[in-house]
Amino acid sequence: MAEKQHQLDADSPSDDDKRPKQKEETDTDAELSSRHSQHSRHSSAAEPFASGEPPSEAPVSSPDDPDVQPVFSIYTSWEKRLIVLAASLSAFFSPLTAQIYLPALTVLADDFKVTDAQINLTVTTYMVFQGITPMFIGGFADAAGRRPAYVICFVVYIAANIGLALCKDYASLLIVRCLQSAGSSTTVALCQAVVADIVTSADRGQYIGITAIPIVLAPSLGPVIGGILAQYLGWRWIFWFLAIAASVNLAFMLLFFPETCRRIVGDGSVRAHPIYRTFWQMFKDVRVRHQAKRATAQYNADHSSLHRTTSTRSRAPALRLRPPNPLASLSLLFEKELSILLGYSAIVFAGFYAIATALPSQFSALYGFSDLQIGLMYLPLAGGSIVAAGIAGPAVNWNYRRHATKLGIPVDRKRQADLRSFPIERARLEIGMPLLGLSAAVMVAWGWAVQAGAHVAVPCVLLFLLGVGMIGFNNTSSVLIVDIYPEKAGAAVAANNLTRCLLGAAFSAFIVPMIDGIGAGWAYTIIGGLYIVFAPLMWVVMRKGVGWRAELRAKEERRQEKKRLEKEVLEAQEAPERQLGV
372 MAEKQHQLDA
382 DSPSDDDKRP
392 KQKEETDTDA
402 ELSSRHSQHS
412 RHSSAAEPFA
422 SGEPPSEAPV
432 SSPDDPDVQP
442 VFSIYTSWEK
452 RLIVLAASLS
462 AFFSPLTAQI
472 YLPALTVLAD
482 DFKVTDAQIN
492 LTVTTYMVFQ
502 GITPMFIGGF
512 ADAAGRRPAY
522 VICFVVYIAA
532 NIGLALCKDY
542 ASLLIVRCLQ
552 SAGSSTTVAL
562 CQAVVADIVT
572 SADRGQYIGI
582 TAIPIVLAPS
592 LGPVIGGILA
602 QYLGWRWIFW
612 FLAIAASVNL
622 AFMLLFFPET
632 CRRIVGDGSV
642 RAHPIYRTFW
652 QMFKDVRVRH
662 QAKRATAQYN
672 ADHSSLHRTT
682 STRSRAPALR
692 LRPPNPLASL
702 SLLFEKELSI
712 LLGYSAIVFA
722 GFYAIATALP
732 SQFSALYGFS
742 DLQIGLMYLP
752 LAGGSIVAAG
762 IAGPAVNWNY
772 RRHATKLGIP
782 VDRKRQADLR
792 SFPIERARLE
802 IGMPLLGLSA
812 AVMVAWGWAV
822 QAGAHVAVPC
832 VLLFLLGVGM
842 IGFNNTSSVL
852 IVDIYPEKAG
862 AAVAANNLTR
872 CLLGAAFSAF
882 IVPMIDGIGA
892 GWAYTIIGGL
902 YIVFAPLMWV
912 VMRKGVGWRA
922 ELRAKEERRQ
932 EKKRLEKEVL
942 EAQEAPERQL
952 GV
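In the numbering used here, the protein residues as written are 372 to 953.
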């Protein structure tokens, strides 16, 4: 009996023998826990969007410290600048297309044997589609991603330019011009949305300034480029030039421009469906995949049993594209805060159209300028816009830091702060209001200087100051709109574009009859007076903006709760039917 017991003791593992196995189990658990932790960190970037709140208003806690916000974007500062610059160059096509066409209007009317009024209709229809199209594509880009929206826009735009270069009758010109507008107009909204995707509120001012430079340079350079092409190569080369330039830009976007929509890629670390990946990323994926196969083959040869128990086969994320929903932009027009901001910003920017539209006829009559000289007169406005971008952007960031310091909120350019109770309206508009005052004063001075036939240097100086004031204010208002609706930046900027285009078209149509009726002095004095009369609305936004955003969040929470309850009721009703089916 003793010998049998001794044999059993010998066969059973000792405590020392058990320890390595326990260690192996502990290591396996730790490895699985580590993998789960890594998966949680990668998926946390997309979690704010499941709640329906904007990322700036639905802060996500760090996995390691619940009081520390995660990094907002994985991109470095230089990568962000390059991404924003690429988006800005794409946005360059919308205002460029609108202005490059103007010097050829007279030639087009002669070639197609139509009146000036008929050829001007192609400008009107362009502006109409410029306002309407972003409502469709802006909401689509928020849901389905920026890259698909860019590809759709540029494919339509390139095809339209080729059609315009080849068209032979007026009807074709009118129709294809609408398609050209539809292709180019959304690029401005997409540019602002890209900034909202990768840049925090603390750092957003300077990047919005970068986006403003090409958008403002285009109206200044467009008439010059169009005049040169029309004079030396013919008007058809205007559209060939646009088609070639857009094709180069699209190729660059496909090769290198990453998907930034936070619904799709979160902070940039979430691996999305291959349709969202650049050609360069796909090339690197193939190279890494080949290296992984070789490493896996070697690993399987050495650890075949462990590999069979731990390896998983990765699948490409599911592709879910949503159809365009123009109501996403229209619904924002009825929100208290945004409706006031959009309406007032449209009034201010419409003043730009009032000057730009009447400038050719005024300078031709006053100074006898040629088309090329008139195009050069837009350059002081562009210079002022560049100065505004260099001043307003850093000033907006400085004022944000000042308010954050006053409230005891740490400022981190890499992490998005919680803006639910932060006076972001005051931080932005305190910089914009002095620039607005400058715009109003310059607008009045412009009218009386033109009416008096002042020396050409006076309008040049006034155009420069107008670029500083007007574009500076519009930069700050654009930053604020994105701050309020970061998750719906595409739809919000599309709504902003709609109000600007509609009011800009109205000002463009009425300014010449106003000048003919009451003179340039009183016409532009009325516009400057509108700036001052409606300026108190901005003080209302600064005072009540935080409360309005709280009301909007509560409304969204009630809507989400209602949807949840309806889903539970529907599932409860379907449960007996499923049981009977079983």
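For each residue, glycine too, the CB sits at the ideal point set by N, CA and C. Since the model is a prediction, treat every value here as computed from it, not as a measurement.
What residues in its chain sit with their C-beta under 7 Å from that of residue i, if we drop five residues either side in the sequence?
i, result
"L473", "P594 and G597"
"E706", "L923"
"L537", "none"
"A717", "T870, R871 and L874"
"L550", "V527 and A531"
"E396", "A caution first: E396 carries a pLDDT of 43, below 50, which makes its placement in the model unreliable, though a value can still be read off. Result list for E396: empty, nothing under 7 Å."
"Y715", "F905, L908 and M909"
"A798", "N770, Y771 and H774"
Below 8 Å CB to CB, which residues in the same chain sit around residue i once its five sequence neighbours on both sides are set aside?
i, result
"L836", "G755, L809 and V813"
"L941", "none"
"L701", "M506 and A866"
"I454", "Y446, V565, I569, F628, P629 and T631"
When burial is assigned at 16 or more other CB atoms within 10 Å of the CB, is residue i buried or exposed?
i, result
"T493", "buried"
"I898", "buried"
"P907", "exposed"
"T495", "exposed"
"L621", "buried"
"K655", "exposed"
"D513", "buried"
"K859", "buried"
"Y771", "buried"
"G779", "exposed"
"F628", "buried"
"W651", "exposed"
"Y749", "buried"
"V559", "buried"
"E708", "buried"
"A729", "buried"
"E796", "buried"
"W769", "exposed"
"D387", "Reliability fails at D387, whose pLDDT of 45 lies under 50, so the model's placement of it is uncertain and the value that follows must be treated cautiously. It is exposed - the Cβ of D387 has fewer than 16 other Cβ atoms within 10 Å."
"R665", "exposed"
"A488", "exposed"
"I615", "exposed"
"S741", "exposed"
"Q577", "buried"
"S685", "With a pLDDT of 45 at S685, under the threshold of 50, the modelled position of that residue is not reliable, and the figure given next carries that caveat. Exposed, because fewer than 16 other Cβ atoms sit within 10 Å of the Cβ of S685."
"L467", "buried"
Excluding the five sequence neighbours on either side, which residues of its own chain have a C-beta within less than 6 Å of the C-beta of residue i, listed in chain order?
i, result
"L806", "G840, G843 and F844"
"I889", "none"
"Q501", "S552, S556 and C872"
"A421", "Below a pLDDT of 50, predicted positions are generally treated as unreliable, and A421, at 34, falls in that range; the measurement from the model is reported next regardless. No residues qualify anywhere along the chain."
"L800", "M909 and M913"
"F463", "P585 and A589"
"K933", "none"
"Y528", "G554, S555 and A617"
"I745", "P731 and F734"
"L535", "V547 and F610"
"R518", "E630 and Y647"
"G861", "G509, A512, D513, A560 and A564"
"G956", "Because residue 956 is not part of the residues shown, which for the chain are 372 to 953, the question remains open."
"W819", "G892"
"R935", "none"
Between the region 601-608 and the region 825-841, do three or more beta carbon pairs fall short of 8 Å?
-> no
Curious, which full-length alpha helix (DSSP H) runs of at least 4 residues does the region 727-752 contain?
-> 742-747
Which ranges would you report for the alpha helix (DSSP H) in the region 448-502 if only whole runs of at least 4 residues count?
-> 448-462, 464-471 and 476-483
What runs of the alpha helix (DSSP H), each 4 residues or longer, lie entirely inside the region 549-578?
-> 558-569
Unbroken alpha helix (DSSP H) runs of length 4 or more, entirely within the region 750-833: which are they?
-> 750-777 and 795-823
Quick one: which unbroken alpha helix (DSSP H) runs of 4-plus residues sit fully inside the region 619-659? Chain order, please.
-> 633-636
Take every Cβ of the region 876-886, pair it with every Cβ of the region 750-770, and state whether three or more of those distances are shorter than 8 Å.
-> no
The region 559-569 contacting the region 443-454, beta-carbon criterion three pairs below 8 Å | yes
For the region 859-912, list the alpha helix (DSSP H) runs that are entirely contained and at least 4 residues long, ordered along the chain.
-> At a cut-off of 4 residues, the continuous stretches assigned as alpha helix (DSSP H) that sit fully inside the region 859-912 are 860-889 and 891-904.
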